[in-house]
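Taking it in order: structure first as structure tokens, then the write-up.
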Amino acid sequence: MSSKGKYRGIPAGYEDDDENCLEDLLCSTTTQNLKITVVPDITAGAGLNGEDFDNTLSADMDNWFEDFKETFGKCKRTPATQNQLKLVLQRSPQPLLQALKLFASSPGCNYLKNKNMALFILETVCELYKQQPTIEATCDDNTRMVAFNFVKTCGITPLYKAVTETYQLKKIQNYLIPKLQKLLNDNYHKDAAYWSIYLECTHIFGLFDLLLPLLLQDKINLAEEFLNVAKEQQLPTVQFLDSLLDRKKTVYENCDEILKKYKYSDVKHNILSYRPMSKLVTRLAKKYNIDPEYTPNLKYSKSCSYLHYLYHKYQEGGMSLDSWRELAREEAKKSKALQLDLITRIATSGDWEEALYWVEHYRIPLEECPPSLQSRLENSEGVSAANSDSNESWGEETPIATVKKSKNVPTALLHKDEYLRMKLPTESIILVDTQPKFLDMLKYLEQFLLIGFDSEWKPSVNNDNRVSLIQLATAERVYLVDCLSPHLDDQLWKMMGRRIFNNFEILKLGFSLHNDLQMLHKSLPLQLNLQATSCYLDLRDLWRRLKYMQIALFPYEQISVAGESLCALTEVCLGKKLDKSNQFSNWANRPLRHDQITYAALDAHCLLQIYQVLTELLLRVGIDIDDLTEEITTSKSGYLFRTKYKNQGQGSNTTTSAAEKKSQQNLREWGHHKQKSTKLKSTTNIKFLCDGMLIGLSKELRTLGLDSLEINEGKNDINYFIDLARSEQRIVLTRDSRYLMFSREFAQSQCMQIPADSVENQVKQIVQYFQLRIEPRHLLSRCLECNGNDFLLANRYDMQIMRFGQLHQEDNGGLNHASHAEDRAWNLQEIKDHNIEARTTPKGKPIKVKRIKPYFLYNKDFFYICDNCGHCSWQGDDNKVNKSILATIDASPTNVTTNRKSN
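What follows is the structure in structure tokens.
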């Protein structure tokens with residue numbers, strides 16, 4: 001054979017070269033590009049003393065196993081195949097050993113990541129052990145070692161636990177400990193951790209052996225699982241991690257020596273920064289109840305952040321000068337480092353007078369002050385005398401000018417006329433700190449059916465808050481109960497819980513009551529019945545309900561107030577804000593300041609004033625506050641409002657008061673007189689425009705057949721939607737500050753504020769408020785995607801042609817469009833042949849048939865195509881309409897002749 005024939009395919013120019021050289025070249029090239037994967041024999045050295053494992057099967061077992069492999073290849077993991085395998089193992093004299101032989105003879109025994117046959121065998125024998133634990137009696141130590149070696153690094157942690165229990169690996173713990181050390185040396189940290197947990201030998205690994213590598217690899221959950229067992233390592237671990245938070249160096253610099261010493265190969269460097277590490281220390285310290293004294297760096301960091309937060313809040317006007325200073329003084333007294341950090345923070349903001357106050361208060365030497373403050377002091381009058389001896393601290397003789405009120409206090413805080421004032425005389429505010437006063441208070445309060453309730457506690461860095469003060473108010477008195485008084489014992493607190501808080505005859509008014517009740521339950525032995533919600537009325541819930549109803553104008557509604565705070569409610573009801581500058585103060589300090597006492601008393605007494613205003617508002621529109629309160633506190637589903645309006649519409653012989661006539665006139669002017677009608681309105685007579693921030697509301701309204709568009713500012717600016725609402729007389733549904741914007745553009749009858757709540761409750765209240773009549777034929781009569789009301793009717797053969805270009809082999813036509821009767825409030829027409837061919841709607845929109853899974857194209861008879869967007873839906877058993885909403889609006893899915901399911 002010629003060289004040309006012998007080396008066909010050789011590049012031009014090589015044909016005449018020496019044949020040996022050419023052969024060497026080809027062999028070299030082939031060898032370099034060839035990748036050879038060597039699959040290790042798992043039976044080699046798998047035994048107790050490094051002996052090989054004999055996985056030879058008997059002739060009968062081998063024949064059966066060949067048939068079983070074929071069956072498994074076809075059926076995979078089925079109950080039948082598992083029962084067959086269990087039966088074979090049960091008949092074996094050594095089931096656990098037999099399972100290992102089958103495992104080692106199975107394809108995929110070296111790689112258990114997939115649900116392959118080898119994994120199936122091990123899982124089956126483990127399940128068999130749970131059913132028949134006696135099968136372990138024939139297992140010897142060599143078999144246990146083989147089982148461990150087979151799965152030790154497969155990475156399937158549930159299998160580790162199952163094999164440990166089935167083969168009782170704890171019995172050879174001493175033999176396995178060197179194996180775990182080997183896993184760790186080979187960087188199998190995760191596997192070594194799980195095996196040590198299941199074998200109950202976590203003590204063999206120290207902090208730097210296993211725990212720290214796991215944490216540096218960001219395997220925090222596994223580290224916690226390890227620490228749950230290795231309880232003796234919890235405190236040392238947290239202490240070491242806290243040492244990394246020393247501010248003198250970065251976290252990485254503090255850990256650098258450890259990294260070099262132990263040569264950790266896999267480190268997630270993002271965790272070696274201050275914020276992630278402080279979060280980790282906080283998490284572990286909280287989980288294992290580590291005393292803050294053992295985490296000084298974390299404690300210092302939290303205190304610094306807390307002081308910075310206090311100062312920022314004070315600067316913004318959220319705290320009075322006295323409140324700020326007493327809280328800062330309490331926190332900064334813990335260490336000089338905190339004091340210097342506080343002074344530096346204040347000086348950096350340019351508040352020199354406040355910085356000088358703290359320098360003088362803590363007697364900080366001049367040379368230890370921040371450089372900017374030192375310069376300021378040196379240039380100020382009289383400081384040179386104080387600076388004559390730099391080793392002396394600031395003394396009383398230091399000629400620093402008397403500190404004035406900080407210039408950063410907002411001027412709003414100085415105009416007290418803007419805030420609500422306590423109308424009760426000083427003697428009506430009673431501080432209760434002794435047993436006689438406490439008993440007199442209980443006797444007095446039991447006479448009333450309604451009291452205002454609030455509580456106060458000192459802010460805390462470690463969230464170990466405890467209630468310091470309870471305020472209980474009637475129209476004529478306010479009791480301030482000192483929860484820190486040593487003269488009030490557990491018996492008195494239990495008496496208060498029984499006679500006041502758990503008393504169903506007394507309605508307790510509050511605002512955001514959940515937090516107060518949880519704090520009381522945590523702090524005092526009141527033995528509160530937290531399930532007795534009917535004796536508490538949260539004014540926030542009542543306010544939200546009135547926003548839904550939109551039938552009563554608050555006395556000071558014209559005031560633009562955003563949010564749902566007590567301060568905002570006070571402003572719209574009483575015309576003035578609450579001065580909250582003392583809310584964030586040291587309530588554990590005794591004696592309380594006068595302005596703290598005034599604030600605490602007013603915070604509870606204003607609840608009664610607000611309740612009185614709301615009672616009068618509801619009375620003018622014919623609603624009894626007691627009925628409304630019962631509905632809120634008992635969580636009734638709520639036909640109350642509709643019933644009230646129906647009863648009013650039937651007429652009454654009572655004489656209408658002047659106030660009620662004026663209220664009814666106002667309602668007509670505002671456009672809210674619609675609720676007086678007893679006739680329910682059709683869904684076709686109303687259109688909505690939903691704000692995009694009300695997520696899901698627009699789609700839920702469409703399921704009821706309501707015309708509802710959604711504001712999407714990504715496509716058009718807000719002016720487009722304002723013009724749209726005007727031209728189409730759409731009612732705008734919005735919330736929070738957006739309501740203030742839209743209310744300036746539309747009359748109140750065209751703009752509805754939707755409070756924060758579940759979409760289900762929002763829909764219910766909208767339907768009830770507008771008295772809409774939802775009929776079964778309205779349901780799902782609009783496209784959930786675009787709000788369209790025009791649909792094309794297509795059968796499954798039409799859809800198959802559009803999707804696949806042909807019919808399913810078992811379909812041969814025969815479905816008649818005319819046979820499909822649908823009593824639905826929509827415009828429905830049959831799809832035409834040219835639309836099927838073009839795959840577009842009459843309006844030119846592509847039909848989205850490719851989004852439908854083939855299963856539905858073969859099993860559903862009829863489909864509905866939105867003419868406006870091409871969205872497809874079909875008949876189905878799943879109803880997209882919320883059944884809870886249907887129950888409330890007197891519509892039932894059973895009345896719907898044909899349900900549709902959207903793709």
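According to the UniProt record's numbering, the sequence shown is numbered sequentially starting from 1. Ideal placement from N, C-alpha and C gives every residue a C-beta, glycine not left out. Quantities reported herein were computed from a predicted structural model and do not represent experimental measurements.
When the beta-carbon positions are compared, L102 and F65 come within less than 8 Å of each other.
Of the candidates D67, T157, I220, I220 places its Cα closest to the Cα of P276.
Beta bridge pairing from DSSP links S708 with F688. Under a 10 Å Cβ-count criterion, C872 is classified as buried, with 16 or more other Cβ atoms of the shown protein chains found around its own Cβ.
In the displayed model, Q339 falls within a helix according to three-state DSSP. E830: member of the beta strand (DSSP E) spanning 827-830, first to last residue. About 16 Å separates the beta carbons of L342 and N586, which is beyond the 8 Å limit, so they are not a contact pair.
If you keep only unbroken beta strand (DSSP E) runs of at least 3 residues inside the segment 832-883, you get 862-866, 872-875. Under the criterion of beta carbons closer than 8 Å, E354 and I346 qualify as touching, at roughly 5 Å.
Three or more beta-carbon pairs drawn from the segment 614-630 and the segment 535-543 are found closer than 8 Å, and the two stretches are therefore classed as touching. Taking R824 as the centre and dropping the five residues before and after it, the same chain places the C-beta of R777, S781 closer than 7 Å to its C-beta, in chain order. Cα atoms of I429 and M422: separation of roughly 10 Å, rounded to the nearest angstrom.
Rounded to whole angstroms, the Cβ separation of C606 and L420 is 6 Å, and the two are in contact under 8 Å. Contact between C201 and Q173 holds: their C-beta atoms lie close to 6 Å from each other, under 8 Å. In its chain, beyond the 5 residues on either side, L216, Q217, D218 have a beta carbon closer than 7 Å to the beta carbon of K268.
The beta carbon of L618 sits closer than 6 Å to the beta carbons of I625 from its chain, once the five residues preceding and following it are set aside; these are given in chain order. Within 10 angstroms of the beta-carbon of E713 lie fewer than 16 other beta-carbons, which makes it exposed. Setting aside the 5 residues that flank it on each side, C535 is surrounded in the same chain by N503, F504, I506, L507, K508, each with a C-beta closer than 7 Å to its C-beta; the list follows chain order. About 5 Å separates the beta carbon of P292 from that of K299, a gap short enough to meet the 8 Å contact definition.
By the 16-neighbour rule on beta-carbons within 10 angstroms, F208 is exposed. Contact between the segment 100-119 and the segment 38-53 is present: three or more C-beta pairs spanning the two stretches fall below 8 Å. Along the length of the segment 499-564, whole beta strand (DSSP E) runs at least 3 residues long occupy 507-510, 536-538, reported in chain order.
Remark: C-beta atoms of Y294 and L272 do not approach each other more closely than 8 Å.
Of the candidates R803, M799, I559, K860, the residue whose Cα lies closest to the Cα of R744 is I559.
Classified as buried, T841 has 16 or more neighbouring CB atoms from the shown chains inside 10 Å of its CB. No Cβ-Cβ contact shorter than 8 Å links V238 with I197. Per DSSP, I623 lies in no alpha helix (DSSP H) segment and is marked neither H nor E.
Nearest Cα to K843 within the set N795, L211, N789: N789. In the displayed model, E232 falls within a helix according to three-state DSSP. Contact annotation: L484 and S468 have beta-carbon atoms nearer than 8 Å. Across the structure, L122 and E136 are spaced so that their CA atoms are roughly 14 Å apart. Three or more Cβ pairs drawn from the segment 132-152 and the segment 90-98 lie within less than 8 Å of each other, which places the two stretches in contact.
The Cβ atoms of M752 and I774 do not sit closer than 8 Å to each other. K577 places its beta carbon less than 8 Å from that of E571.
Only residues of its own chain outside the window of five on either side were considered, and among them N187 have a CB closer than 8 Å to the CB of S265, listed in chain order. Our two residues, L526 and F448, have alpha carbons roughly 20 Å apart in a direct line.
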